[in-house]
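Numbering (our numbering), first residue to last: 17 to 488. Reviewing the structure listed below.
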Amino acid sequence: MLSPATTRALTRTVSHLVLAGDNPLAPPGRSAAAAAPSSRQAVSNPSPAQVPLSTWLASVGRETDVERGYQIKHVAGGAGHQLVSYRNYEGFDRIFALGRNEAGQLGVGFASQEGTRALVEGFEGDQVLAVRAGVQSSYILVRDGDSTRLYSMGNLARGRLGHATMTSSFNESESAAGEEPRLHLVPRATAVTLPPEIGPIKQIEAGFEHVLLLTESGDVYGTGCNTDGQIGLGDASGDVVGFTKIALPSEIVQEGGVARICAGADTSALVTESGRVWTWGNSEYAQALHDRKIDQILRPLAIDDSFVPPNRRLVDYRCGGSFALALDDRGSVYTAGFGALGLGASVLRSPRPRRVDALEGQGIERIRAGWGYAAAIRDAGPESAIFTWGLNSTHGRLGLGTLASSRRSFDPTKPPAVNMHVHVPEEVALPLRELGLDGTVAGRESVRWRLGEVELAMEGLWVGIEAEEDVD
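Put into structure tokens, the structure is as follows:
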């Protein structure tokens, strides 16, 4: 469904959200082919299908936002749950949460054994800057005047939510009573008490059970599971409860400071302004790009970037569990580790980073890594494209469609037959015709579109598409 939001005179921006893979809100037993075209409520979407976000919003009482228009701003995908932040016609930011909620990770005020949907409760501020999701955890970064505020919700265990005082209080009371540790949930978005010196936050990234923050002053903080040294404090003795400053090597300052941080599974990284990548945490498959397997990297360690051609620099790093991607400033993508390397069926393991030749010349500007699969994105207006590869899901999270043989023997009660292992990047066929963005719909030739958020959740690929239309 369309959701127009006026941006300036004579034009309007329309937000679309499409999904490949598992739809957590679909009625059981329905495939994309069996679902009514208007509803798109199919469990399995092996090809990207439009998500009925407007219908979902109306079902939780936001009919006015649907009628007056909204724009999708951010999408986060975790282990079975998603967050979608949007700005309504009045300029207010809201967050729609859907999926699994057994630990209260949706932040809707309660936990439930069945999947659900609702608006996130408890956060305040002028603008949502980011949403992130991990395993049984969610995070919201908001701007409030000249400062920022961090909220989290979900499972309090392992310090992943950053609520140091709350976690310590529960642990102490249970220890004093001689009780076994119990599950403690935070089912509502709750402000995290941060160290007073932390200042405004520039970026937040979440792994499975750990979180990193980058401040405007260039400092990096971490909290959560540290069994592989992914917090970067020099040890792997246990969980870190509460955001703790990571001592960065002096060379990072000499390299211009931290440009961005990355967290994926149990691995962490940062990229400096000069294009140097530093990694730490788990690298048992060489996914930290150090040319060899290292079970635990306890402090930030600079990679050997000699695999990058001269006069180029790295601008991003992403970890998808047993493998990782790196992107340089000329659009080349490099992979290392085990699994979704994109180097062909004969190369499933490579401790040394290697260039993904299939993506050369494609103008890649963004990379993404999910658990076992990856994506590369070209941002070029109507020429934009998404390429995916790696381990597919039974619901088709790679978005590459079904096998030709399955189309001749379609059974709507069974999951679609998909290629479970895609070893070389393939372009995802976005549903442009269905959205009226391919120039074939009468009167829509003037529509211009671009890719928004691209999120690789554990069960599905979520893509935002922004279309700008001329208004008569």
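We put the beta carbon where it would ideally sit given N, CA and C, even for glycine.
In the DSSP assignment, what are the bridge partners of residue i?
i           : result
residue 404 : 391 and 442
residue 199 : Partner(s): none; residue 199 has no beta bridge.
residue 398 : 396
residue 478 : 35 and 471
residue 226 : 240
residue 116 : According to DSSP, residue 116 bridges with nothing at all.
Taking the alpha carbon of residue i as the reference point, which residue from the options has its own alpha carbon closest?
i           : options               : result
residue 394 : 443, 418 and 126      : 443
residue 273 : 281, 264, 284 and 118 : 264
residue 315 : 236, 139 and 329      : 236
residue 277 : 244, 234, 269 and 256 : 234
residue 83  : 73, 440, 471 and 363  : 73
residue 311 : 484, 353, 369 and 70  : 353
residue 202 : 210, 219 and 182      : 182
residue 107 : 85, 207, 452 and 417  : 85
residue 399 : 173, 481, 26 and 206  : 481
residue 166 : 59, 76 and 145        : 145
residue 571 : 34, 31 and 59         : The structure shown does not extend to residue 571, since the chain is modelled only from 17 to 488, so the question has no answer here.
residue 478 : 175, 468, 365 and 302 : 468
residue 124 : 96, 204, 173 and 109  : 204
residue 171 : 441, 149 and 358      : 149
residue 211 : 349, 321 and 259      : 259
residue 92  : 366, 486, 485 and 472 : 472
residue 437 : 367, 357 and 208      : 357
Give every residue of the same chain whose Cβ lies closer than 7 Å to the Cβ of residue i, excluding the five residues on either side of it in the sequence, and list them in chain order.
i           : result
residue 216 : 163, 164, 231 and 232
residue 261 : 235 and 237
residue 450 : 66
residue 1   : The chain is shown only over 17 to 488; residue 1 falls outside these bounds and no answer can be derived.
Could you compute how far the alpha carbon of residue i sits from the alpha carbon of residue j?
i           : j           : result
residue 374 : residue 222 : 29 Å
residue 153 : residue 121 : 5 Å
residue 292 : residue 307 : 16 Å
residue 66  : residue 420 : 22 Å
residue 252 : residue 296 : 11 Å
residue 3   : residue 323 : The displayed coordinates of the chain run from 17 to 488. Any statement about residue 3 would go beyond what the structure contains.
residue 36  : residue 417 : 9 Å
residue 318 : residue 250 : 15 Å
residue 27  : residue 464 : 11 Å
residue 178 : residue 404 : 33 Å
residue 99  : residue 325 : 38 Å
residue 131 : residue 242 : 29 Å
residue 489 : residue 289 : The structure shown does not extend to residue 489, since the chain is modelled only from 17 to 488, so the question has no answer here.
residue 344 : residue 305 : 14 Å
residue 351 : residue 338 : 11 Å
residue 255 : residue 174 : 5 Å
residue 246 : residue 301 : 15 Å
residue 309 : residue 282 : 14 Å
Sorted by chain position, which residues of the same chain lie with C-beta nearer than 8 Å to residue i's C-beta, five sequence neighbours on each side aside?
i           : result
residue 128 : 117 and 118
residue 447 : 34, 63, 64, 65 and 66
Closer than 6 Å by C-beta to residue i: which residues in its own chain qualify, once you throw out the five before and the five after it? Chain order, please.
i           : result
residue 227 : 239 and 240
residue 347 : 379 and 380
residue 54  : Confidence in residue 54 is poor, its pLDDT being 42 and thus under 50, which makes the residue's placement unreliable; the coordinate value appears in the next sentence. Answer for residue 54: no residue qualifies.
(request) Within the segment 292-338, note down every full beta strand (DSSP E) run reaching 3 residues or more, in order along the chain. (result) Listed in chain order, the complete beta strand (DSSP E) runs (minimum 3 residues) inside the segment 292-338 are 293-299, 310-318 and 330-335.
(request) Return the chain-ordered ranges of every alpha helix (DSSP H) run that is complete within the segment 245-289 and spans a minimum of 4 residues. (result) 266-270
(message) Quick check for students: name the residue ranges of the beta strand (DSSP E) that lie wholly in the segment 133-178, counting only runs of 3 or more.
(response) 143-149, 153-160 and 163-171
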